[in-house]
Ligand SMILES: *Cc1c(COP(=O)(O)O)cnc(C)c1O
C-alpha cells in the first residue's frame, strides 16, 4: 500500500468544451510522481500540481530512450460513477516492459492504487459527453544524469491525465491502410512486445510515408520475412476470413493489447472461431480476391475498434465490406464500449470502480 501525499493546486484550470476535446490536447490540474533510487526503492509518492518537470539535461531518458509507458482510460457511467477497465492488465504489462528495458516496476497493486488515487483527485475531469473519457498515461523515466550506457540508478514513475473526445465524432468510418514492406516495427528478440517510446520513434517514418501516399495508417509485417501480418499503426489487428477471426500471436513482436485480449475473450464466449496462428499477407489478399475477406479491424484503448475499409499491398488493393463496418466488428465495438461506459452489464468482471 503506497502512502500518497497530496498537495492540491489553488489555481484550478477551467475545463475545456467536452464536445471538442480531441486526443491528448488538454491536461488535468495534477500529476502523480513516485521517485525511485537503488537505496530507497520507490519512495515519496505524491500528487502535485501539473507543471513542467525539472530534469537534468544529462538524464539518461533524454539520450538513450530509457523509458516505458502505459495507456488506459477512466470512464463515466450513466449513474455518474467512474470506472477503469482491467487496470491490472496494464500494471502487469508495464512490469513486462520494464523488465525488458532494465527499468524498475511498481507491484500490480501499487500501480492500480496510484491510478485510482490520481483519477479520484481529478474526478471532475472525467467528461460526461457520450464517447468521451479521461485518458491516463503512466510512464517511467530514467532520471540519472549519466552519459555512459548502463541501467540508470534513479527513476520517476509519473501519471498524467488528459480528457479525450469521442474517437468517432463523425461516426465510425473505416480507415485506409498501407501495408509496409520496407521498414520494420519489431523483430524477434527486440522490443515489439513493450510499450516503449523508442518503438514509436522508429515507426514514425512509415506513418509519414503512408500519409504521403494517401493512407491513414501502416500495417506492419513481421520483421524477418515481411510475410506475416502483425499490427496496424499502434493497434492490434484482426481479419475475418471465411468465418474465422485471425489475429497475430503475441510472441515477442506483437504488443499484447488489453483490447485485443478482451476481443478474443468475447469472440470465444460467442462461439466465433478465433485463430492466433501467423497469417501471411498473401493469404489476406487472396481471400479478398476470392470474396472471403469479410472484416478487418484494429483494436486499442484509444479507438476501441477501428474498422479497415481498404488495404494496399504492393500493387494490389483489397476493398473490405464495401467500406462499411462489419457485423462482428460492430458487435465487438458495441459490447466493449457498453462494458467500459457502464451501459451494459459487466458479466466478465472487467471493470473496477474509482471512489
Ligand atoms: C498500446 C498498443 C496497442 C493496444 O493496446 P491496448 O492495451 O489495447 O490499448 C497495440 N499495439 C501497440 C504497438 C501499442 O503500443
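Numbering (UniProt numbering), first residue to last: 1 to 355. We put the CB at the ideal spot given by N, CA and C, even for glycine.
Distance cut-off 6 Å: residue i Cβ against heavy atoms of ligand 1
| i | result |
| --- | --- |
| residue 259 | yes |
| residue 231 | yes |
| residue 234 | yes |
| residue 300 | yes |
| residue 73 | no |
| residue 255 | yes |
| residue 13 | no |
| residue 268 | no |
| residue 227 | no |
| residue 353 | no |
| residue 360 | Coverage of the chain is limited to positions 1 through 355, which leaves residue 360 absent and any answer about it impossible. |
Exposure label - residue i; buried when at least 16 CB within 10 Å
| i | result |
| --- | --- |
| residue 353 | exposed |
| residue 99 | exposed |
| residue 94 | buried |
| residue 8 | exposed |
| residue 263 | buried |
| residue 360 | The structure shown does not extend to residue 360, since the chain is modelled only from 1 through 355, so no value can be given for it. |
| residue 55 | exposed |
| residue 290 | exposed |
| residue 218 | buried |
| residue 164 | buried |
| residue 192 | buried |
| residue 343 | exposed |
| residue 30 | buried |
| residue 224 | exposed |
| residue 317 | exposed |
Residue from the options with nearest C-alpha to residue i
| i | options | result |
| --- | --- | --- |
| residue 195 | 27, 234, 161, 174 | 234 |
| residue 245 | 201, 271, 173, 176 | 271 |
| residue 80 | 294, 221, 341 | 341 |
| residue 338 | 147, 85, 107, 309 | 85 |
| residue 39 | 29, 209, 153 | 153 |
| residue 285 | 328, 345, 72, 313 | 313 |
| residue 266 | 1, 126, 330, 151 | 330 |
| residue 63 | 355, 149, 30 | 149 |
| residue 14 | 280, 110, 182, 125 | 125 |
| residue 345 | 41, 6, 78, 50 | 78 |
Other residues of its chain near residue i: CB distance less than 6 Å, five sequence neighbours each side excluded
| i | result |
| --- | --- |
| residue 141 | 61, 67, 156 |
| residue 22 | 165 |
Under 7 Å between C-beta atoms of residue i and residue j
| i | j | result |
| --- | --- | --- |
| residue 27 | residue 120 | no |
| residue 87 | residue 112 | yes |
| residue 188 | residue 257 | no |
| residue 216 | residue 176 | yes |
| residue 32 | residue 114 | yes |
| residue 325 | residue 172 | yes |
| residue 36 | residue 104 | yes |
| residue 304 | residue 336 | yes |
| residue 295 | residue 240 | yes |
| residue 135 | residue 73 | yes |
| residue 293 | residue 287 | yes |
| residue 220 | residue 185 | yes |
| residue 236 | residue 299 | yes |
Other residues of its chain near residue i: CB distance less than 7 Å, five sequence neighbours each side excluded
| i | result |
| --- | --- |
| residue 213 | 178 |
| residue 101 | 66, 68, 194, 196 |
| residue 3 | 45 |
| residue 403 | Absent from the structure is residue 403, since the part of the chain shown begins at 1 and ends at 355. |
| residue 128 | 18, 76 |
Contact set for residue i: own chain, Cβ-Cβ below 8 Å, skip 5 residues either direction
| i | result |
| --- | --- |
| residue 108 | 88, 91, 92, 95 |
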